[in-house]
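Read the structure below first, then the notes.
Protein chains: 2
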Amino acid sequence: MRTIERLPKRQRHQQLSRLIEENPFITDRELTRQLKVSIQTVRLDRMELAIPELRERMKLMAERSYDAVRSLPLHEVIGDIVDLQLDRSGISIFEIRAEHVFSRTGIARGHHVFAQANSLAVAVINEEIALTATADIRFVRSVKLGEKCIAKAYVRSISGERSKAKVEVFSYVGDEMVFQGHFVIYRSTGESAIEGGI
Amino acid sequence: MRTIERLPKRQRHQQLSRLIEENPFITDRELTRQLKVSIQTVRLDRMELAIPELRERMKLMAERSYDAVRSLPLHEVIGDIVDLQLDRSGISIFEIRAEHVFSRTGIARGHHVFAQANSLAVAVINEEIALTATADIRFVRSVKLGEKCIAKAYVRSISGERSKAKVEVFSYVGDEMVFQGHFVIYRSTGESAIEGGI
DNA sequence: GCAGCTATTATAACCAGGTACTAATAGTAT
DNA sequence: ATACTATTAGTACCTGGTTATAATAGCTGC
Chain A
1 MRTIERLPKR
11 QRHQQLSRLI
21 EENPFITDRE
31 LTRQLKVSIQ
41 TVRLDRMELA
51 IPELRERMKL
61 MAERSYDAVR
71 SLPLHEVIGD
81 IVDLQLDRSG
91 ISIFEIRAEH
101 VFSRTGIARG
111 HHVFAQANSL
121 AVAVINEEIA
131 LTATADIRFV
141 RSVKLGEKCI
151 AKAYVRSISG
161 ERSKAKVEVF
171 SYVGDEMVFQ
181 GHFVIYRSTG
191 ESAIEGGI
Chain B
1 MRTIERLPKR
11 QRHQQLSRLI
21 EENPFITDRE
31 LTRQLKVSIQ
41 TVRLDRMELA
51 IPELRERMKL
61 MAERSYDAVR
71 SLPLHEVIGD
81 IVDLQLDRSG
91 ISIFEIRAEH
101 VFSRTGIARG
111 HHVFAQANSL
121 AVAVINEEIA
131 LTATADIRFV
141 RSVKLGEKCI
151 AKAYVRSISG
161 ERSKAKVEVF
171 SYVGDEMVFQ
181 GHFVIYRSTG
191 ESAIEGGI
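Rendered as C-alpha cells:
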C-alpha cells in the first residue's frame, strides 16, 4: 500500500519546511540530526521542495535586506505619486501590505496611512525643503490588508510672507473615504526648519 | 623612503573599503581584478582592515535582517514604554536612529514622531482594541538623528457611553517640547472598528 | 654592497557546505 | 520474480575562502 510509506515522506517534507522556516540558518547536517534521516535524504527533500542550500538562503536574505536599505531613500515618499501639479494638487497610491497592518486584526497601522498623506502634502509643495508644522487628521474608517489607499491632496492656500501652506488630503479605498487631514506645511527657504516632513 | 611605498597601500585599503561598502557582495577575485594586486594581497588587506569574507558578510546581513523581521511584532508599539498607568498616563522613549531620519537633513520623519505618540495614546487606554479616531497634532520643533524623544501621554476624559477617550501626548527632547497631539481614541468593545491604531 | 625590513606574490593543504552523479539496498506492490 | 519507490552510501567536484610557509622585489640604513 502506497499511502503507508508515502505519508512519512510528506510528513517529513512538512517538518523540513517548518524547520527551515523557523530557522533559515540551519545546515543539512543539523536537519539530518533532527529528522533522523540521512543527509542525502535531506538533500533530496530540499530538491523536491525547491528549497535552496543554506548559503543560497543567506545570500537571498542578505540581498533582500540590502535592496531594502538601498530603496529606503525612495521611501522618503510613502506611496507612489501618480499625479502631481505643484502648488495645486497631487495623487498617490499606497497598497497596504502585511508589514503595514496590525497583525491581530489585519487593520493598517495609523501611521502608515498618515505617512502617505503627510508625504503627499509635503511633495505637493513646490519648495526645496517643506516640513509639516501641524496636522489635523481623522481616520474615517479602517484600512485593511490588501486594500489600495488613494490619497488626494489639494493646496488650499499659500501665504508667501510667512511661508506657510495649507494642504487638505483625503484618502480613499475605492470610493469610500478612509482618512482626511488638514496639514499646515512650512515652506522653509533654508533657515531653521520646524519639523521632519517625509 | 617609507612614505613612498606605504602610501599606495593605504590608498588601496581605502579603495578596498570603499568597494566593499559599495558592493558587499563582491568576491576577493573581483577585488583582485579591480585593484590590480594579487588575491593574497587582497586577503592580507581584508585581514588588516578586519573585513570578514564574503560569506560572513552575507551571513551578517541576513542575520541582521532576520532579527529585524523577528522583532517587527515588537514594533506594534513604537518606542519603549517605561511607565504606564492604564487609563491615566504613560511615558515612552524612542531614540531617533538613521532609519528614521530624512537623509538629506538628518531630521526625523514626521510619521515616526507621530507613531510614537499614537502608540502611546493607544497603549494607555485599558481596552482590548483601541483605535485612533482623530488626532490634532503639532510638530513644535524638528527632532534630529541621535536624539531621544520622550513622549508623555495623559488621559483627559473617558466617556463610557460612546467608548471614546481623549488623550493628550507631549513629546520632549530633553526639556524642549518637540511635538504635541490631541488624540481621540475609540475604545472598541469588539464591534466595527474605525481605524488602525498601532 | 649587503644585511634587514616591508610589501607582495606564490604554493599548497585544508575547510564548510554544499552539488552532481552513480550505485547499492530495502521494502512493497503487482 | 519483476518493477518501482524510498533511502542510504560514496565519490568527485565546486566556491570562496583560511592558514601557513616560502619565495621574491624594492628600498633603507649603515
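Which chain is which? The protein sequence lines are A and B, in order. Position 100 (the first sequence) corresponds to 100 in the UniProt record's numbering; numbering is contiguous. Position 79 (the second sequence) corresponds to 79 in the UniProt record's numbering; numbering is contiguous. Cβ coordinates follow ideal geometry from the N, Cα and C atoms, glycine included.
Within chain B, the residues that residue i reaches when beta carbons sit closer than 7 Å
i	result
D28(A)	Near D28(A) there are no residues of chain B at all, since even the closest Cβ is about 16 Å away, more than 7 Å.
CA-to-CA distance, residue j to residue i, given in whole angstroms
i	j	result
I20(B)	E56(B)	13 Å
Q40(B)	K36(A)	42 Å
I93(A)	F179(A)	13 Å
R109(A)	A130(B)	12 Å
T134(A)	T134(B)	14 Å
L60(B)	N23(A)	15 Å
L120(B)	V169(B)	8 Å
G181(A)	V42(B)	56 Å
I91(A)	M177(A)	14 Å
R187(B)	Y154(B)	16 Å
A165(B)	D136(B)	14 Å
Q11(B)	R18(B)	11 Å
Q34(A)	P8(A)	15 Å
E63(A)	R156(B)	48 Å
V113(B)	I96(B)	9 Å
S159(A)	V167(A)	12 Å
T132(A)	P52(B)	43 Å
residue 230(B)	H100(B)	Only positions 1 to 198 of chain B appear in this structure, which leaves residue 230(B) out of reach.
L54(A)	F25(A)	6 Å
residue 228(B)	L31(A)	The structure shown does not extend to residue 228(B), since chain B is modelled only from 1 to 198, so the question has no answer here.
C149(A)	V122(A)	18 Å
Per-residue contacts from residue i into chain A (C-beta, under 7 Å)
i	result
K59(B)	M58
A114(B)	Note on residue identity: the sequence assigns Phe, not Ala, to residue 114(B). Near F114(B) (Cβ distances below 7 Å), the residues of chain A are H111 and F114.
Classification of residue i by the beta-carbon crowding that lies within 10 angstroms, buried from 16 upward
i	result
I198(B)	Summary for I198(B): the model assigns pLDDT 42, below 50, so the residue's position carries little reliability; its value from the coordinates is reported in the next sentence. By the 10 Å Cβ count, I198(B) comes out buried.
L16(B)	buried
T27(B)	exposed
L86(A)	exposed
A115(A)	buried
S38(A)	exposed
Q14(A)	exposed
A151(B)	buried
I98(B)	Strictly speaking, residue 98(B) in this sequence is Ala, with Ile absent from that position. Looking at its Cβ environment, which holds fewer than 16 other Cβ atoms inside 10 Å, A98(B) is exposed.
A50(A)	exposed
I185(B)	buried
Chain A contact residues for residue i, given Cβ-Cβ distances below 8 Å
i	result
H13(B)	Going along chain A, no residue has its Cβ under 8 Å from H13(B), so there is no contact; the nearest lies around 23 Å.
P24(B)	A62 and Y66
Interface residues of chain B facing residue i [CB-CB closer than 8 Å]
i	result
R64(A)	S65
P52(A)	Near P52(A) there are no residues of chain B at all, since even the closest Cβ is about 13 Å away, more than 8 Å.
9 Å Cβ cut-off: residues of chain B touching residue i
i	result
R55(A)	R55, M58 and K59
Check whether the region 124-131 of chain B and the region 143-152 of chain B touch, using three or more Cβ-Cβ pairs below 8 Å as the test.
no
Is the region 78-85 of chain B close to the region 28-47 of chain B, with three or more CB pairs under 8 Å?
no
Pull out every residue of the UniProt domain "Thioesterase" (119-174) of chain B whose Cβ sits closer than 9 Å to any Cβ of chain A, in chain order.
S119, V122, I129, L131, T132, A133, T134, A135, D136, I137, R138, F139, V140, R141, S142, V143 and K144
For the region 132-142 of chain A against the region 163-180 of chain A, are there 3 or more C-beta pairs whose distance is under 8 Å?
yes
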